[in-house]
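Asks: Okay, handing you the structure first.
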Amino acid sequence: MSEEILINVTPRETRVAVVENGMLQEVLIERSSRRGYVGNIYKGRVQRVMPGMQAAFVDIGLDRAAFLHASDILRPAVPEPLDGEEPAPVPTTAIGELLREGQEVIVQVVKDPIGTKGARLTTQISIPSRYLVLLPHGRVLGVSARIEDEDERARLKAMMGELSLDAPMGYIVRTNAEGQSQEALAKDVVYLDKVWNAVRAGMAEARVGTCIYEDLSLILRCVRDYMREDVEKVRVDSRESFERIQRFVTRFIPELAERVEHYPGERPIFDLYGVEDEVLRAMQKQVPLKSGGYLVIDQTEAMTTVDVNTGAFLGHRNLEDTVFRTNLEAAQSIARQLRLRNLGGIIIIDFIDMQDAEHRRQVLRQLEKSLAHDHTKATVHEFSPLGLVEMTRKRTTDSLVRQLCEPCPTCAGRGSIKTAETVCYEIFREITRAVRQFEAEKLLVLASARVVTRILEEESGAVAELEEFIGKTIRFQADEQYAQEQYDVVLL
Numbered sequence: 002m003s004e005e006i007l008i009n010v011t012p013r014e015t016r017v018a019v020v021e022n023g024m025l026q027e028v029l030i031e032r033s034s035r036r037g038y039v040g041n042i043y044k045g046r047v048q049r050v051m052p053g054m055q056a057a058f059v060d061i062g063l064d065r066a067a068f069l070h071a072s073d074i075l076r077p078a079v080p081e082p083l084d085g086e087e088p089a090p091v092p093t094t095a096i097g098e099l100l101r102e103g104q105e106v107i108v109q110v111v112k113d114p115i116g117t118k119g120a121r122l123t124t125q126i127s128i129p130s131r132y133l134v135l136l137p138h139g140r141v142l143g144v145s146a147r148i149e150d151e152d153e154r155a156r157l158k159a160m161m162g163e164l165s166l167d168a169p170m171g172y173i174v175r176t177n178a179e180g181q182s183q184e185a186l187a188k189d190v191v192y193l194d195k196v197w198n199a200v201r202a203g204m205a206e207a208r209v210g211t212c213i214y215e216d217l218s219l220i221l222r223c224v225r226d227y228m229r230e231d232v233e234k235v236r237v238d239s240r241e242s243f244e245r246i247q248r249f250v251t252r253f254i255p256e257l258a259e260r261v262e263h264y265p266g267e268r269p270i271f272d273l274y275g276v277e278d279e280v281l282r283a284m285q286k287q288v289p290l291k292s293g294g295y296l297v298i299d300q301t302e303a304m305t306t307v308d309v310n311t312g313a314f315l316g317h318r319n320l321e322d323t324v325f326r327t328n329l330e331a332a333q334s335i336a337r338q339l340r341l342r343n344l345g346g347i348i349i350i351d352f353i354d355m356q357d358a359e360h361r362r363q364v365l366r367q368l369e370k371s372l373a374h375d376h377t378k379a380t381v382h383e384f385s386p387l388g389l390v391e392m393t394r395k396r397t398t399d400s401l402v403r404q405l406c407e408p409c410p411t412c413a414g415r416g417s418i419k420t421a422e423t424v425c426y427e428i429f430r431e432i433t434r435a436v437r438q439f440e441a442e443k444l445l446v447l448a449s450a451r452v453v454t455r456i457l458e459e460e461s462g463a464v465a466e467l468e469e470f471i472g473k474t475i476r477f478q479a480d481e482q483y484a485q486e487q488y489d490v491v492l493l
């Protein structure tokens, strides 16, 4: 699998595209006006403790108070009992005993503000580097589950055991560390130690609402997290950003430094790879499949639903074979679309019904296999009794659509508007209501051209009856400024 990372930089916006085998897989966007907060460490103050929710709202200097659940609060470790001693009591989990209003706390953002919800916080601090994640308050020594080779896991754990022997802190070995030497891991340990010392110094000096530690910019985060042996090129269209990446890569990933390139071309780099067109398609509800079938993706506040349809695909054998092949293709496409659109939370997939249990098993395995390339954790469950696949994908930032779009001002995000016929009858009711309440010699109705046309043509008989009923003349005037659902009844 060949992979390229494309970076487009403008003064107000940075975009990163991950392209695998010539196909766009992921788009990340960071705007100077709305930089993400995930990974940042703040000194906050507890504003309100909510025992009923087992949570607290914390002021960290953002527009909205952030949310801290009791399960995300670090508790002091319970010491092992000595011979003959009673075990120490387990620390309390009640939020009222863990925090009090006005208390200052050091917290880290684990989820950006989304919609009307504030940021999600934790007091269990973690600081990532190229190959490791430092857990300053833990003694855990873990290895990423994505490293499946048992011998490699044992080798990495043994090396980290030696490197962290004297450190009262924990580490998690990241997927990028697979195959790395002890020297490479040792450099990361030194780097993380320096960062943590700087954070500790900031904890004592910082005022409430101050950011003590800020994660790397989007460009450097992507290089740190995505640049591996199978990445052929990192191409960036900004000379200044290219030089920043070069300095970072030379320091932390020198063996891959030659793969970073500056793109000086006249044609925009995203146009060159067809990324702009793919981003536009990722904002559509319907996704065509090569076979002729298609997906319909609906994102709501509670969950995302994906419906699979055969469309124009008729198959060559029988219905079960046609359905099976469509579902296999859909499973691959769904995994890509979830990653490309950055869809998270609860996801319900309605595959086309399959009678064969083996076919259902293969479709599920195909979905899991396709999701294995995703950097975001996803959990897939078996087919439900209704034939639905339920899954979750970790959500830390807004989806691509919610980053780039806003609710339609015409339909207010409903996805539909009232028909011209419906608006006509609303206008008739409003006229009747108005003449009963107020005195007027005649009435003027302002509405959209489509509604006025319908009233004057198809509803002319109804207008004549209404004028006779109320005993007044009604004049209708089309106005291009009015949307289809808008109208005004003016008394003259």
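Just so you know, we're using the working numbering here: the sequence shown kicks off at 2 and counts up by one.
Beta carbons: idealized from backbone N, C-alpha and C, even for Gly.
At a threshold of 7 angstroms, does glutamate 102 count as lining the ligand ADP (C-beta to nearest heavy atom)?
Replies: This structure lacks the ligand ADP; in fact it carries no ligand of any kind.
Asks: Determine, using beta carbons only, whether leucine 164 and leucine 186 come nearer to each other than 8 angstroms.
Replies: Yes; because the gap between Cβ atoms is below 8 angstroms, this pair is in contact.
Asks: Enumerate, from N- to C-terminal direction, the unbroken beta strand (DSSP E) stretches of 3 or more residues contained entirely within the segment 236 to 297.
Replies: Within the segment 236 to 297, the complete beta strand (DSSP E) runs of at least 3 residues are 261 to 263, 287 to 289.
Asks: Where in the segment 338 to 381 do unbroken runs of the beta strand (DSSP E), each at least 3 residues long, occur, reported from the N-terminal end onward?
Replies: With a minimum length of 3 residues, the continuous beta strand (DSSP E) runs that stay inside the segment 338 to 381 are 346 to 351.
Asks: By the DSSP assignment, the beta strand (DSSP E) with lysine 443 in it spans what residues?
Replies: Taken as a continuous stretch (DSSP letters only), the beta strand (DSSP E) holding lysine 443 covers 443 to 448.
Asks: With a threshold of 16 other CB atoms inside 10 Å of the CB of leucine 368, please say whether the residue is buried or exposed.
Replies: So leucine 368 counts as buried.
Asks: Opposite leucine 142 in the DSSP bridges: which residues?
Replies: Paired residues: Tyr172.
Asks: Which of helix, strand or coil does DSSP assign to glutamate 468?
Replies: Residue state, collapsed to three classes: helix.
Asks: Measuring CA to CA, which of Asp231, Glu206, Val144, Pro129 is closest to valine 191?
Replies: Closest by alpha carbon: Pro129.
Asks: Say whether the segment 153 to 171 touches the segment 213 to 220, bearing in mind that this needs 3 or more beta-carbon pairs closer than 8 angstroms, one atom from each stretch.
Replies: The segment 153 to 171, when compared against the segment 213 to 220, does not touch it at the 8 angstroms Cβ threshold.
Asks: Under the assumption that isoleucine 471 contacts valine 464 (Cβ atoms under 8 angstroms), give the Cβ distance between them as a whole number of angstroms.
Replies: Incorrect: roughly 11 angstroms between the Cβ atoms, too far for contact.
Asks: Taking 8 angstroms as the threshold, find out whether the segment 226 to 239 comes into contact with the segment 7 to 20 through three or more Cβ pairs.
Replies: A contact exists between the segment 226 to 239 and the segment 7 to 20.
Asks: Following the continuous beta strand (DSSP E) through methionine 24, name the residue where it begins and the one where it ends.
Replies: From DSSP, the beta strand (DSSP E) with methionine 24 extends over 24 to 32.
Asks: Just to confirm, are glutamate 4 and valine 224 a CB contact at a threshold of 8 angstroms?
Replies: It is not a contact, given that the beta carbons lie outside the stated cut-off.
Asks: Flag alanine 303 as yes if its beta-carbon sits less than 8 angstroms from any beta-carbon of chain D, otherwise no.
Replies: The chain inventory of the structure shown lacks chain D, comprising one protein chain alone.
Asks: Kindly identify the DSSP beta-bridge partner or partners of glycine 45.
Replies: Val106, per the DSSP bridge assignment.
Asks: Go ahead and pull the three-state DSSP assignment for glutamate 458.
Replies: Helix at glutamate 458.
Asks: Any idea if threonine 117 is buried or exposed, counting beta-carbon neighbours within 10 angstroms, 16 or more meaning buried?
Replies: Exposed: under 16 other Cβ atoms inside 10 Å.
Asks: Terminal residues of the continuous beta strand (DSSP E) containing glutamine 478?
Replies: Here the beta strand (DSSP E) through glutamine 478 covers 474 to 479.
Asks: Run through DSSP, which three-state label would valine 39 get?
Replies: Three-state DSSP puts valine 39 in coil, outside helix and strand.
Asks: Among the residues of its own chain, which have a CB less than 6 angstroms from the CB of alanine 479, if the five just before and after it don't count?
Replies: Correct list, in chain order: Ala450, Val453.
Asks: Which residue comes first and which comes last in the beta strand (DSSP E) that contains methionine 392?
Replies: Where methionine 392 is concerned, the enclosing beta strand (DSSP E) stretches over 390 to 394.
Asks: Less than 8 angstroms separating the beta-carbons of isoleucine 353 and threonine 305?
Replies: Against a cut-off of 8 angstroms, the Cβ pair of threonine 305 and isoleucine 353 comes out as no contact.
Asks: Let's see if you can read the secondary structure: which residues bound the beta strand (DSSP E) around alanine 57?
Replies: First-last of the beta strand (DSSP E) with alanine 57: 56 to 60.
Asks: In the DSSP assignment, what residue or residues form a beta bridge with cysteine 212?
Replies: Tyr43.
Asks: Look at leucine 122 and glutamine 109 and say whether their C-beta atoms are less than 8 angstroms apart.
Replies: Yes, they are a contact pair.
Asks: Quick one: what's got a C-beta closer than 7 angstroms to asparagine 343's C-beta in the same chain, skipping five residues either side?
Replies: Closer than 7 angstroms at Cβ, skipping near neighbours: Thr398, Ser400, Leu401.
Asks: Give every residue of the same chain whose Cβ lies closer than 6 angstroms to the Cβ of leucine 447, excluding the five residues on either side of it in the sequence, and list them in chain order.
Replies: Excluding sequence neighbours, leucine 447 sits near Gln478, Asp480, Asp489.
Asks: DSSP state of leucine 135, grouped into three classes?
Replies: Of the three classes helix, strand and coil, the one that applies to leucine 135 here is strand, per DSSP.
Asks: Check the DSSP bridge columns for asparagine 9 and list the partner residues they point to.
Replies: For asparagine 9, which the question treats as bridged, DSSP gives the partners Arg16.
Asks: Can you tell me the Cβ-Cβ gap for alanine 379 and methionine 392, rounded? I've got them flagged as a contact below 8 angstroms.
Replies: The pair is a contact, with the Cβ atoms about 6 angstroms apart (cut-off 8 angstroms).
Asks: For isoleucine 418, which three-state DSSP category applies?
Replies: Of the three classes helix, strand and coil, the one that applies to isoleucine 418 here is coil, per DSSP.
Asks: Which value, in whole angstroms, describes the spacing of the CA atoms of leucine 281 and tyrosine 274?
Replies: In a straight line, the C-alpha of leucine 281 is about 14 angstroms away from that of tyrosine 274.
Asks: Taking all protein chains shown into account, do 16 or more other C-beta atoms lie within 10 angstroms of the C-beta of alanine 303, making it buried, or fewer, making it exposed?
Replies: Classification for alanine 303: exposed.
Asks: Helix or strand or just coil, what does DSSP make of aspartate 189?
Replies: Correct three-state label for aspartate 189: helix.
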